[in-house]
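Quick notes on the structure that follows.
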Amino acid sequence: MRTPIIAGNWKMFKTVAEAKALAGEVCQAVAAINQVEVVLCPPFTALTTVKEAIAGSKVGLGAQNLYWEKQGAFTGEVSPQMLEGLCDYVIIGHSERRQYFGETDETVNKKIKAALAHKLLPILCVGENLAQYEAGETVAFVGSQVRGALAGLSAEEVAKIVVAYEPIWAIGTGKNAEAAGANQIIVASIRQTLTALYDESLAQKVRVQYGGSVKPDNIEGFMAQPDIDGALVGGASLKADSFTVLIKGALVKFKG
Ligand code: PGA
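Encoded structure:
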């Protein structure tokens with residue numbers, strides 16, 4: 009079975025002190041949970057502090073973005089070389105970055121390649137907007153995002169990637185997708201595209217998260233779906249108690 013992975017995307021929330029406190033609380037709360045991979049993605053400013061706060065625990069660390077060049081005159085950007093050794097994961101192509109910061113499938117592809125070259129595991133975000141959803145374009149659109157993001161990558165590289173399916177209309181809105189429907193979209197748009205690009209065995213290896221208003225009261229429904237391997241969580245990851253419920257919710261995978 010694919011190991012479930014619950015990642016907290018803290019977005020532009022938490023000062024360094026707040027991040028430290030939250031990371032410490034999460035570590036304590038999940039200390040006895042071994043079957044679920046937990047990743048915290050604080051803002052860049054808090055990465056070092058959170059790394060210290062989670063030291064000795066099994067909780068992993070991720071960045072929320074990177075730029076693809078190693079170094080240079082790119083004011084305000086953070087390079088993969090700077091993140092190597094500091095964190096394990098990096099979120100790439102989040103819909104907020106695509107929407108507000110002009111990221112495209114092409115830049116997402118460059119960022120994924122840069123991340124992998126520096127031992128960072130990408131959490132690749134894909135997902136349709138409301139108009140596309142209502143027009144029935146979801147499967148074709150998400151499939152095209154996957155193809156664009158993975159252009160030129162080997163099967164070995166893609167096996168390391170986590171894909172997060174996040175319908176944009178469900179992010180931060182309280183309107184989550186219906187679990188069985190999300191599972192169907194993941195199969196039709198992500199696993200089938202991976203099968204077409206590589207093969208069925210790779211498509212079954214890649215972990216796919218659902219994201220978009222995942223909360224304590226709906227986590228088990230998502231995690232009970234066979235093709236949903238975890239969650240990328242915004243709002244509910246900002247408090248240790250709700251995030252802990254989500255991590256425990258992933259244990260539903262191990263119940264007979
Ligand atoms: P949300 O955010 O859980 O607040 O909807 C999810 C995300 O943006 O990754």
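In our numbering, the protein residues as written are 9 to 264.
Just so you know, even glycine gets a beta-carbon here, dropped at the ideal spot from N, CA and C.
- Note on geometry: alpha-carbon atoms of Pro175 and Met20 lie some 20 Å from one another.
- An exposed status is given to Gln36, since fewer than 16 other beta-carbon atoms sit within 10 Å of its beta-carbon.
- Across the structure, Thr11 and Ala204 are spaced so that their CA atoms are roughly 24 Å apart.
- For the 8 Å CB-CB criterion, Leu128 and Leu161 do not form a contact.
- Here Glu114 is exposed: its Cβ has fewer than 16 other Cβ atoms, across all protein chains shown, within 10 Å.
- Ala239 sits in a strand when the DSSP states are folded into three classes.
- Assigned with DSSP and collapsed to three states, Ile179 falls in coil, not helix or strand.
- Taken from the Cβ of His102, at least one heavy atom of ligand 1 lies inside 7 Å.
- In this structure, Ala157 sits near Ile120, with a CB-CB distance shorter than 8 Å.
- In this structure, Glu92 has its CB at a distance of at least 7 Å from all heavy atoms of ligand 1.
- Per DSSP, the continuous beta strand (DSSP E) segment holding Glu45 begins and ends at 45-49.
- Put simply, the backbone Cα of Lys28 is about 43 Å away from that of Gly144.
- Residue pairing by DSSP puts Gly68 in a beta bridge opposite Val47.
- Using a cutoff of 7 Å, the CB of Asn191 does not count as near ligand 1, since none of the ligand's heavy atoms is closer than that.
- Relative to ligand 1, Gly219 has its C-beta within less than 7 Å of a heavy atom.
- When DSSP states are grouped into helix, strand and coil, Gln233 belongs to the coil group.
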